[in-house]
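To keep things clear, I will list the structure first and then write my remarks on it.
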Amino acid sequence: MVHNKYKAKAKKVVDIQEICAQLCGTMGANDTHLIDKDDDDDEYVEDEDVYMYPTDMHPDERDANRSTVHASKAIEWEHQQYENIVGSNHKMGVFTT
Numbered sequence: 001m002v003h004n005k006y007k008a009k010a011k012k013v014v015d016i017q018e019i020c021a022q023l024c025g026t027m028g029a030n031d032t033h034l035i036d037k038d039d040d041d042d043e044y045v046e047d048e049d050v051y052m053y054p055t056d057m058h059p060d061e062r063d064a065n066r067s068t069v070h071a072s073k074a075i076e077w078e079h080q081q082y083e084n085i086v087g088s089n090h091k092m093g094v095f096t097t
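For the sequence shown, full-length UniProt numbering begins at 1 and goes up steadily by one.
What follows is the structure, given as structure tokens:
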């Protein structure tokens, strides 16, 4: 029973090493990535994030990802604006209902 346990662990290690060898180089410095030019509409904004997509990503998946990122940024911006307004009203002693 102990022998089978060691055998299973050794097989698991070999399987993991094989998977790592297969995945080695699939994402990294050796790959070329497409930069979606639609994300760069606001060229005057210097610190805007640039998103790189895998070359084999389906266009529909890329568009869905881009929409999700933009929606997330919009929600984050709205939250920051709310915090700024509520925070400034509390500092001045103004309370709105």
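Backbone N, C-alpha and C define an ideal beta-carbon position, used for all residues, glycine too. Bear in mind the structure is a predicted one, so any value in this text is a computation, not a measurement.
- Just so you know, the alpha carbons of valine 2 and glutamine 17 end up roughly 23 angstroms apart.
- Inter-residue distance for alanine 8 and cysteine 20 is about 18 angstroms (C-alpha atoms, whole angstroms).
- In chain order, Tyr53 place their CB closer than 6 angstroms to the CB of arginine 62, counting only its own chain and leaving out the 5 sequence neighbours on each side.
- Judged by DSSP secondary structure, histidine 3 falls within the alpha helix (DSSP H) whose first and last residues are 2-23.
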